[in-house]
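One structure is given here, and the rest of the page talks about it.
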Amino acid sequence: MNDGIYDVSMKILEKANQAKFSVHFLNELAKLFRSLIAPGLAIAIVLSLELTMPWALVLLAIALLCAYMFAFQVYPRLKNLHRINLYKAVVVLPAKDQAKITCQELGTVCMFFWEGAFLVTAPKPATPPSLRM
């Protein structure tokens, strides 16, 4: 499987009750920082209209620096740490949980099941050109 591995991994961990602090908390924290960018800039712009020119520029510079830090430093690092923890947790699932997962191919998708109940789908990987006949 090439595409959809994130969704499949997350659904499997949720069903196995293994998506704990290192997975869900980091994901939610990353999304929190991402969601602060636009409102923070909007508030800074509104507040800068009430200030004198030098202080307004200082406030806008601080707001832009914070937006840059959240968008290009904090959010990507937290999101990547979340993904790393997610994939590590799926790999080390106990054998009893791994036995509950089945996969069926249907056309161009792979359907994943947990104890027979539908869980999630992912696109089936394309056959490499060297294997086609």
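In the working numbering, the protein residues as written are 2 to 134. Don't be surprised by glycine CBs; every beta carbon is placed ideally from N, CA and C. Here the structure is a predicted model, which is why all the values come from computation and not from measurement.
- Within the model, the alpha-carbon separation for residue 96 versus residue 32 is close to 32 Å.
- The region 40–50 makes no contact with the region 88–95; the number of CB pairs closer than 8 Å stays below 3.
- DSSP lists 115 as the beta-bridge partner residues of residue 102.
- By the Cβ rule, the region 110–121 counts as touching the region 12–31, because three or more pairs are nearer than 8 Å.
- Per the C-alpha coordinates, the member of 12, 48, 71, 23 positioned closest to residue 60 is 48.
- Assigned with DSSP and collapsed to three states, residue 52 falls in coil, not helix or strand.
- Residue 37 and residue 83 have their C-alpha atoms roughly 19 Å apart.
- Residues 79 of the same chain have their beta carbon placed closer than 7 Å to that of residue 30, with the five preceding and five following residues left out of the count.
- DSSP places residue 121 within a strand segment (E or B) once states are collapsed to three.
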